[in-house]
Every structure is written in structure tokens, then in C-alpha cells.
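Asker: Its first residue numbered -12, the sequence shown is counted upward by one per residue in our numbering.
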Amino acid sequence: MFAGALATLGMAWAEAGAPVPALSASKREAVSVKLPAAAFAAMQTISPDHIRWHVRFLAHDLLEGRGTGQHGGDIAAEYIATQFAEYGLKPAGDNGGYLQKVPLVGITTLPATKFTIVPKQGSTLELKPLEDYVAYDQTQQAESDLDADIVYVGYGIEATEYSWDDYKGVDVRGKVLLMLVNEPPSDDPAFFKGKALTYYGRWTYKYEEAARKGAVGVILVHQTEMASYPWEVVRNSNSGEKSYLKLEGPALKVASWVQYAVAEKLVAGSGLDLQKMMTDARSRDFHPVNLSAKLKAHMVSDVRQFESNNVVAMLPGSDRNLRDQAVMYTAHYDHLGIRRDMPGDNIYNGAQDNATGCGILLELARAYGGAKERPARSILFASVTAEEQGLLGSEYLGKHPPIAAGKIALDLNYDDVKPLGAAEEVEVAGAERTTFYPWVEATAKEFRLSIRPDARPDAGHYYRSDHFSLARVGIPAFSINEGIKFQGHDAAWGAAQYQEFNEKHYHQPSDEYHADMDFTGDSAMARFGFALGWEAASSPKLTGWQKGDEFEAARKSALQ
Ligand SMILES: [Zn+2]
């Protein structure tokens, strides 16, 4: 162990530009940050300039916005693979190479689709696309027919850790399930995390759970307050082509949303009242309700096969008994590509989203590759694709990891780390749910970074970034990012920078590289992640999720 690490971690940070007050003797004893000298020296080589050059190249117009399945995206992947090779890292992709092929399918629901509610008595409801409903055929067939009974399943959630089961063992194979978005409302942190959104509240979970149980379709009831966004958002994100991973498991012929008024009519045909049914769903005693209606659908889709690649490299661990375990770093390289039919600047360069994360990942890879010693466990570096298509590259990686998920101690992800100068805060939302959190706290302290808590846990940001794909297969995972307090500015300034970016540049062609960007904070986030990763790769015990966490079950099954 490196004796000077306690004091000098602060020095390393100082080089990155932050003020470093002298450590008091008592503070020095209290902190338990321990990096070996070789690790510390490697960490100190991490530099803002290296990150800058990667961002400069990856965000260049020649890369045409790094679109998934587009030429520019493939160039980015090859660039990243080349860097990994230069750093002496071992390929961990397919067939002894750095690339891991991700098979993808683009689905567009065509106008020939028919969507009809047929009650046992009374007149049928022929629904209008986009106005009344949106639907995708997730079986990835060009045509599917469906004629099935509709069952109301409340929130459609089965969560043993909260003693909640909307299905109550009812056989829903071959049925269409009508259900609500979000989760049972609560202020109790021990019940669906109180106001915070858990994955059970996300519509993606509801589709997945229904498919696992053998249902053939899902109809989600849209209500603005419950979904926290209006019908327009549902409509806009459910029109045109939607990308999926090539099918590997059960899937729904109909994955759909309907307007509230449509659902009202649908249940009224069975003599039921939707408001009352929504109230009933808030009870643990809720039981599925058979409706006297069927969904008759003829799904017609355009199905386009395409592919992209994750880029994966490994630094083998030094300990013979632990090197088959790993710590993983991730950052997505894809962005929105080029829209050739759009006049003016039509290249979505994605400088901040997420050339910055790639620059950090590459700088970490370089630092680890150049270290004079190696940590006990192996280190995986994965730059994933198709994040903007719905975390698809990381989902594929989670399902096909180079080292089994149960043997991966930790995933640290970087996504859109703003080049705004010397960060004085760090955001690590989700870290507090892992057994690794005390280390995160101690390291943040050592780096003079205060931990900024998630401002809007009810918005479910945790479920919208690549680390989530790895959490759901059981790997303790979170993203590292800056907060809003930067050196020389107050927090309001930082918040204003974020707001301006979100309004003017987020997912716009203007998210471009500028020479006056300051990568000091990006470098600090890389160093912080380096220290965390090294420790997780060296500690005797594997990191886990805390007891009762929604990912604990996935971790347990991954460990078997
Ligand atoms: Zn994005």
C-alpha cells in the first residue's frame, strides 16, 4: 500500500485545478482511501488534454454523428478499438477481436395495421392509430394476428421484496393485459422507494413481465398525471421506426398504449368504472379482473435487420484466483447520426453526449494499461452502441458479458460529462444502493468532492442510462458525473449551464466540440472513477446490492 496516498490523492486532484485545503491530522486518520503507489502514479497521468483530443476527433463532422448502424458510428468503434490496442489491452469481443456484434432490428408499424376492441355485447371499437392508440409488434414478424381475451392486471407488477403481486398466480398465457403505468403511490421509502420511481413503474418493465408470463399483448392506459407526460410524448416516441435487439426471448405481438378515454370505454363495455378500477389497483389485495372483451389486431410491420458493435477490451488481473472476476467501465459512443434529408447542419456531433464519456473511458484505459502493477481482478472497458436507441448496446453486453455478470464487482458508467471546468461535486445516483457506498463516500471526501443527491428521484433517471442495463443483470452499477457547483462559480451558474444545454443543444446538431471547452472536471471524474475501480478490483469481497434492493434478486441469481 502506498503510505502517501491519503495526502496525495488530494494533490492529484489539485493538479486537476481544484482548491486543496490542508488536511488536518484527524481527517487524515479517518479516511480509508488506499491506493498502491503504482496505481496512484497511473492515476496521476490522467489529463484533461487527452480527453479533449478524443472528444475533438469523435465529435468531428467526418464521423457524421456516430449513428448506430451508420458509417460514422463504425469509424468511432474502430478508433476506440485502435486506442485499446495501443494501450496494450486484450481484445474481449467476438472471435478474438475488440468488436462485439450487436444484432438489431428496426420496426415500423405500417398503416395496414388494424386494432379493434370487440366486447361480448355491444358495438366494436375500431381504434385510430396515434389518435387512440400506438402499438408495436415485438415478435419482429412482418405480420401477426391476435384475437385474445383482455384481463385487467392493475399495475402489472410482481415484486416479492415489497410483497406485491398483481398477478396472484393467475394464468395469463395467451391473454392481452390491460394495465396502469407507474407504481402504487406511497410516501414510505420502504414501499416502492416512496416517491422515487423504481423500475417496476417503467412501461418497459410492464411489457417484459407480461411477455415472461406468456401474455400476447399489453394495453397500457395513458393518464397524464400517472405517466408524468402527456399523450403527445407517447405518440411521438411511438411513431416511426423503433429499434430492438434481435429477439432472444418471449415477446408481445402487441405492445401498446391507449388514451384514457379509450380505456374508459373499453371497461364500460364490461359494466366497470375505470376510476374505481384504478383505486382498487392500489391495494395489495387486488386480483386480476377478466373483462368481457377481446382485442382483435392485425399487426403489419416493416422489419429491418441491421447491426452495430460494442467495443470491449480487458486488462487481465494480477491475482490468479481473482482474475476471472472484473470491474467494468462503460460509456456509449453512439449518437444520433446524420439526417441527410435535413437542410443546414444535419450532423448530430454529440460532443458532450457522449464523446466526453468516451474520452474519459479511453483515458482510464490508457492509465490502467500503463500502470506498473495491475489490480487483482481484471478490468473491462466497454464502449457500447445504440444507447440513443434505448440502451440496446449495453443491454446486449449485459446479456453477453465477456466475464459472467455474477463475477463483475462493479460497473462505472460515464455519460455526458460537461466540459465546464473544475467540478466541486460528484453525482453517483444509485451508488448508495450498493455495498460499495462507504468507499464512494470516503473517496469523494478525499477528492474534495461533495456528493450531490439525485434532485428528482421520481423522474427515474437511473433507468435511462447504460449502467441500468448492467444493474438489471445484477451488477452493482452507477454513473459518475459532475454536480452543478464548479470552481469560481455558484451552483446557480452550473444549473443555468445545464438548462441552457438542455434547451438549445441536447440532441441537436449544435452539440459540437469547441476549443474553449474546459475538461478539468472530466479529468477529475476519470481520476475519481479510477480510484473507485481500482479499489473494487482489489478488495477481498465482491460488491453487491444492499439488502431489499430491487436488483438484489438479479445479483443472487447471477452469483449462482
Ligand atoms: Zn443522448
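Just so it is clear, CB atoms sit at the ideal spot from N, CA and C, and this is done for glycine as well.
(1) Check the C-beta distance from GLY324 over to GLY59 and give it rounded, since I have them as a contact under 8 Å.
(2) Which residues in the same chain as VAL254 place their Cβ atom closer than 6 Å to its Cβ, once the five residues preceding and following it in sequence are excluded?
(3) Counting only runs that start and end within the region 179 to 221, where is the beta strand (DSSP E) found for 3 or more residues in a row?
(4) I believe GLY141 touches ASP153 by the beta-carbon criterion, under 8 Å. Please report the beta-carbon distance rounded to the nearest angstrom.
(5) For my contact list, LEU50 and ALA63 are in at a C-beta cut-off of 8 Å; report their separation, rounded to the angstrom.
(6) Nearest to LYS281 by alpha carbon, out of HIS476, GLN376 and GLY109?
(7) In angstroms, rounded to a whole number, what distance separates the CA positions of GLU428 and ILE438?
(8) Taking one C-beta from the region 183 to 203 and one from the region 227 to 234 each time, how about it: are there three or more such pairs within less than 8 Å?
(9) So, using beta-carbon positions, are SER456 and LEU378 closer together than 7 Å?
(10) How about ASN341 and ASP402: are their beta carbons less than 7 Å apart?
(11) Would you mind working out which of ALA409, LEU397 and GLU212 sits nearest ASP445, comparing C-alpha positions?
(12) For the beta strand (DSSP E) that contains ASP136, what are its first and last residues?
(13) Curious, which full-length beta strand (DSSP E) runs of at least 3 residues does the region 310 to 338 contain?
(14) With LEU165 as the anchor, note down where its beta strand (DSSP E) starts and where it stops.
(15) Excluding the 5 residues preceding and the 5 following LYS54 in the sequence, name in chain order all residues of the same chain whose CB lies nearer than 6 Å to its CB.
(16) Hey, out of ILE334, ASP306 and VAL404, whose CA is closest to VAL347's CA?
(17) So, GLY605 versus ALA431, is the Cβ gap smaller than 7 Å?
(18) With DSSP as the reference, identify every bridge partner of TYR149, one or two as the case may be.
(19) Alpha carbon to alpha carbon, how far is VAL163 from ILE206? Give it in angstroms, no decimals.
(20) Less than 7 Å between the beta carbons of LEU546 and GLY393, yes or no?
(21) Beta-carbon within less than 7 Å of ASN296's beta-carbon, same chain only, minus the 5 sequence neighbours each way: which residues are those?
(22) Going by the CB atoms, is the gap between GLY52 and ASN336 shorter than 7 Å?
(23) Answer with buried or exposed for ARG364, where buried requires no fewer than 16 other C-beta atoms within 10 angstroms of its C-beta.
(24) In angstroms, rounded to a whole number, what distance separates the CA positions of PHE178 and TYR149?
(25) Which residues bound the alpha helix (DSSP H) around ASP509?
(26) So what does DSSP say about LEU529, is it helix, strand or coil?
(27) Alpha carbons only, please: which of LEU436, GLY385, PHE368 and ALA416 is nearest the one belonging to TYR449?
(28) Rounded to whole angstroms, what is the Cα-Cα separation between VAL20 and TRP426?
(29) How many Å lie between ARG608 and GLN312 at the Cα?
(30) From the DSSP secondary-structure annotation, give me the bridge partner or partners of ASN297.
(31) Hey, LYS283 and SER131: beta-carbon distance below 7 Å or not?
(32) Flag this pair as yes or no: are the beta carbons of SER200 and HIS274 separated by less than 7 Å?
(33) Which residue's Cα is closest to the Cα of TYR320: ARG353, GLU374 and ARG310?
(34) If contacts are defined as beta-carbon pairs under 8 Å, then VAL299 and ALA524 qualify, I think. What distance do you get, rounded to the angstrom?
(35) Reducing DSSP to helix, strand and coil, say where LEU282 ends up.
(36) For HIS454, count neighbouring Cβ atoms within 10 angstroms of its own Cβ and tell me buried if that reaches 16, exposed if not.
Answerer: In brief:
(1) By one-based count along the sequence shown, residue 324 stands at place 337. By one-based count along the sequence shown, residue 59 stands at place 72. With 8 Å as the limit, GLY324 and GLY59 qualify as a contact, their Cβ atoms being about 7 Å apart.
(2) As a working mapping, residue 254 is identified with position 267 in the sequence shown. Excluding residues within five positions, the ones whose Cβ falls inside 6 Å are LEU261.
(3) 204 to 209
(4) As a first step, residue 141 must be located in the sequence shown, where it is residue number 154. As a first step, residue 153 must be located in the sequence shown, where it is residue number 166. GLY141 to ASP153, Cβ: 4 Å. Contact.
(5) Locating residue 50 in the sequence shown gives position 63, where the first residue counts as 1. Locating residue 63 in the sequence shown gives position 76, where the first residue counts as 1. Contact flag correct, Cβ pair sits at about 6 Å.
(6) If you number the sequence shown from 1, residue 281 lands on position 294. For the residues HIS476, GLN376 and GLY109, the minimum Cα distance to LYS281 belongs to GLY109.
(7) If you number the sequence shown from 1, residue 428 lands on position 441. If you number the sequence shown from 1, residue 438 lands on position 451. Going from the Cα of GLU428 to the Cα of ILE438 covers about 8 Å.
(8) no
(9) The count along the sequence shown starts at 1 and reaches residue 456 at position 469. The count along the sequence shown starts at 1 and reaches residue 378 at position 391. Their beta carbons are under 7 Å apart, which means SER456 touches LEU378 by this criterion.
(10) As a working mapping, residue 341 is identified with position 354 in the sequence shown. As a working mapping, residue 402 is identified with position 415 in the sequence shown. Contact: yes.
(11) The residue you call residue 445 lines up with position 458 of the sequence shown. Of ALA409, LEU397 and GLU212, the residue nearest in Cα terms is GLU212.
(12) Locating residue 136 in the sequence shown gives position 149, where the first residue counts as 1. Note, ASP136: beta strand (DSSP E), 130 to 139.
(13) 313 to 319
(14) Here residue 165 is taken as the residue at index 178 of the sequence shown, counted from 1. Per DSSP, LEU165 belongs to the beta strand (DSSP E) from 163 to 167.
(15) In the sequence shown, the residue the question calls residue 54 occupies position 67. Sequence inspection shows Gly at residue 54; the Lys mentioned does not correspond to that position. Closer than 6 Å at Cβ, skipping near neighbours: GLY60 and GLY324.
(16) Your numbering for residue 347 matches position 360 in the sequence shown. Contrary to the premise, residue 347 reads as Ile rather than Val in this sequence. Ranking the options by Cα distance to ILE347, first place goes to VAL404.
(17) This structure cannot settle anything about residue 605, because the visible part of the chain is limited to -12 through 547.
(18) Against the sequence shown, residue 149 aligns to sequence position 162. Paired residue(s): none; TYR149 is not in a bridge.
(19) Numbered from 1 along the sequence shown, position 219 holds the residue referred to as residue 206. Numbered from 1 along the sequence shown, position 176 holds the residue referred to as residue 163. C-alpha separation (whole angstroms): 7 Å.
(20) Here residue 546 is taken as the residue at index 559 of the sequence shown, counted from 1. Here residue 393 is taken as the residue at index 406 of the sequence shown, counted from 1. Yes; because the gap between Cβ atoms is below 7 Å, this pair is in contact.
(21) Locating residue 296 in the sequence shown gives position 309, counting from the first residue. ALA64, LEU86, GLN87, LYS88, VAL89 and THR372.
(22) Taking the first residue of the sequence shown as position 1, residue 336 is located at position 349. Taking the first residue of the sequence shown as position 1, residue 52 is located at position 65. Yes, they are a contact pair.
(23) Locating residue 364 in the sequence shown gives position 377, counting from the first residue. Flag for ARG364 reads buried.
(24) As a working mapping, residue 178 is identified with position 191 in the sequence shown. As a working mapping, residue 149 is identified with position 162 in the sequence shown. Distance between the alpha carbons of PHE178 and TYR149 is about 6 Å.
(25) For the purposes of this step, residue 509 is taken as residue 522 along the sequence shown, with counting starting at 1. From DSSP, the alpha helix (DSSP H) with ASP509 extends over 507 to 525.
(26) For this step, residue 529 is matched to residue 542 along the sequence shown. It is coil, neither helix nor strand.
(27) Taking the first residue of the sequence shown as position 1, residue 449 is located at position 462. Of the candidates LEU436, GLY385, PHE368 and ALA416, the one whose C-alpha sits nearest the C-alpha of TYR449 is ALA416.
(28) By one-based count along the sequence shown, residue 20 stands at place 33. By one-based count along the sequence shown, residue 426 stands at place 439. Looking at the two C-alpha atoms, the distance is approximately 8 Å.
(29) The chain is shown from -12 up to 547; residue 608 falls before or after that span and cannot be answered.
(30) Here residue 297 corresponds to residue number 310 of the sequence shown, with the count starting at 1. Partner(s): GLN87.
(31) Along the sequence shown, read from residue 1 onward, the residue named residue 283 stands at position 296. Along the sequence shown, read from residue 1 onward, the residue named residue 131 stands at position 144. No, the Cβ-Cβ distance between LYS283 and SER131 is not below 7 Å.
(32) Counting from one through the sequence shown, the residue named residue 200 turns up at place 213. Counting from one through the sequence shown, the residue named residue 274 turns up at place 287. Rather than Ser, the amino acid found at residue 200 in this sequence is Lys. No. Outside cutoff.
(33) On the sequence shown, position 333 is the one that residue 320 refers to. The shortest Cα separation from TYR320 among ARG353, GLU374 and ARG310 belongs to GLU374.
(34) Reading the sequence shown from its first residue, position 312 is the one you call residue 299. Reading the sequence shown from its first residue, position 537 is the one you call residue 524. So it is not a contact: roughly 17 Å between Cβ atoms.
(35) Here residue 282 corresponds to residue number 295 of the sequence shown, with the count starting at 1. Residue state, collapsed to three classes: strand.
(36) The residue labelled residue 454 in the question sits at position 467 within the sequence shown. HIS454 comes out buried.
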